[in-house]
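Novice: For reference, each letter of the sequence shown is one residue, going 2 to 165 in my numbering.
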Amino acid sequence: MARTNSDDLLMEDDLAAAFLGGDDELIAAPKEMMEEAPAEVSETVEDEWENTDDFPGQLAVDVFETADKLVVKARTAGISKSDLDVSISDNILTISGVLSGGEDEQTTRWHIQECYWGEFSRTIALPVQVREDENSVKAELKDGVLTISFEKEKVEAPKKIAIQ
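#1: Just to confirm, is the Cβ distance from residue 73 to residue 149 under 8 Å?
#2: Hey, residue 95 and residue 124 are a contact pair by Cβ (cut 8 Å); roughly how many whole angstroms apart?
#3: Quick check on this structure: which residue in 153, 158 and 160 has the alpha carbon closest to the alpha carbon of residue 67?
#4: Note the first and the last residue of the continuous beta strand (DSSP E) segment covering residue 129.
#5: Are the CB atoms of residue 102 and residue 119 nearer to each other than 8 Å?
#6: Thinking just about the alpha-carbon of each residue, which of 93, 107, 157 and 97 is nearest to the one in residue 151?
#7: Using beta-carbon positions only, say whether residue 1 and residue 61 come within less than 8 Å of one another.
#8: Which residues does DSSP pair with residue 125 in a beta bridge?
#9: Please report whether the beta-carbon of residue 66 lies at a distance below 8 Å from any beta-carbon of chain D.
#10: Report all residues from its chain with a CB closer than 7 Å to the CB of residue 82; omit the five preceding and five following residues, and keep chain order.
#11: In this structure, how does DSSP classify residue 66 when only helix, strand and coil are distinguished?
#12: Could you pull the start and end residues of the beta strand (DSSP E) that residue 148 belongs to?
#13: Would you call the CB atoms of residue 127 and residue 71 closer than 8 Å?
#14: What's the gap between the Cα of residue 113 and the Cα of residue 137?
#15: Taking the beta carbon of residue 131 as the centre, do at least 16 other beta carbons fall within 10 Å, making it buried, or is it exposed?
#16: For residue 100, which residues of its own chain have a beta-carbon under 7 Å away from its beta-carbon, when the five flanking residues on both sides are left out?
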């Protein structure tokens, strides 16, 4: 179902009421749901939330094309060239690396932790056929943005076959 502006306003009103204490039902419902949840479920969820070391972070990308190129851009602020690995095989692009610098051994308690630190990887099936030879691909890291440009493979237009 499509959302309308009035849906957004209703949601904002409900949120405001919940945070300002105007609607006890909205506040009580999540608390009741947590009390009813089995202990082993909530512990499992907490364990999974805290143990994210096994899953590399995702890298956000933009993919677009021009008349003769396919371009992939990724924000890679804080990552040096030596910590990046870019490869392509069979029209599958993989960008991986390590973002270091978020660990501080003197930290006793986090208040907000929104930045991802550690390994990341992103694999993309490119939407058009590209040339994979070294002369046809250009990768550049500038101002925290990784830009990879591929020459598109020349694809012949379908040929009509006469039926006899």
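Ideal Cβ positions, reconstructed from N, Cα and C, are used throughout, including at glycine. Small disclaimer: the values here were computed from a predicted structure and weren't measured.
Specialist: With the given structure in hand:
#1: Within the sequence shown, the letter at position 72 stands for residue 73. Within the sequence shown, the letter at position 148 stands for residue 149. Contact flag set, yes.
#2: In the sequence shown, residue 95 corresponds to position 94, counting from 1. In the sequence shown, residue 124 corresponds to position 123, counting from 1. So it is a contact: roughly 5 Å between Cβ atoms.
#3: Counted from its first residue, the sequence shown places residue 67 at position 66. Nearest of 153, 158 and 160 to residue 67, Cα basis: 153.
#4: Taking the first residue of the sequence shown as position 1, residue 129 is located at position 128. Looking at the DSSP string, residue 129 is not in any beta strand (DSSP E), and its letter there is neither H nor E.
#5: For the purposes of this step, residue 102 is taken as the residue at position 101 of the sequence shown. For the purposes of this step, residue 119 is taken as the residue at position 118 of the sequence shown. Not closer than 8 Å, so no.
#6: If you number the sequence shown from 1, residue 151 lands on position 150. For residue 151, the nearest C-alpha among the options comes from 93.
#7: A query on residue 1 cannot be resolved here, the shown segment of the chain reaching from 2 to 165 and no further.
#8: Residue 125 sits at position 124 when you count from the first residue of the sequence shown. Answer is 94.
#9: Note that chain D does not occur in the displayed structure, where there is just one protein chain.
#10: To locate residue 82, count along the sequence shown from 1; it is residue 81. Excluding positions up to five away in sequence, the list reads 142.
#11: Translated into positions along the sequence shown, residue 66 becomes position 65. Correct three-state label for residue 66: strand.
#12: Within the sequence shown, residue 148 is the residue found at index 147, counting from 1. Taken as a continuous stretch (DSSP letters only), the beta strand (DSSP E) holding residue 148 covers 146 to 152.
#13: Locating residue 127 in the sequence shown gives position 126, where the first residue counts as 1. Locating residue 71 in the sequence shown gives position 70, where the first residue counts as 1. Yes; because the gap between Cβ atoms is below 8 Å, this pair is in contact.
#14: Position 112 of the sequence shown, counted from the first residue, corresponds to residue 113. Position 136 of the sequence shown, counted from the first residue, corresponds to residue 137. Approximately 43 Å, taken between the alpha carbons.
#15: Looking up residue 131 in the sequence shown gives position 130. Residue 131 comes out buried.
#16: Taking the sequence shown and counting its residues from 1, one reaches residue 100 at position 99. 79, 80, 117, 118, 119 and 121.
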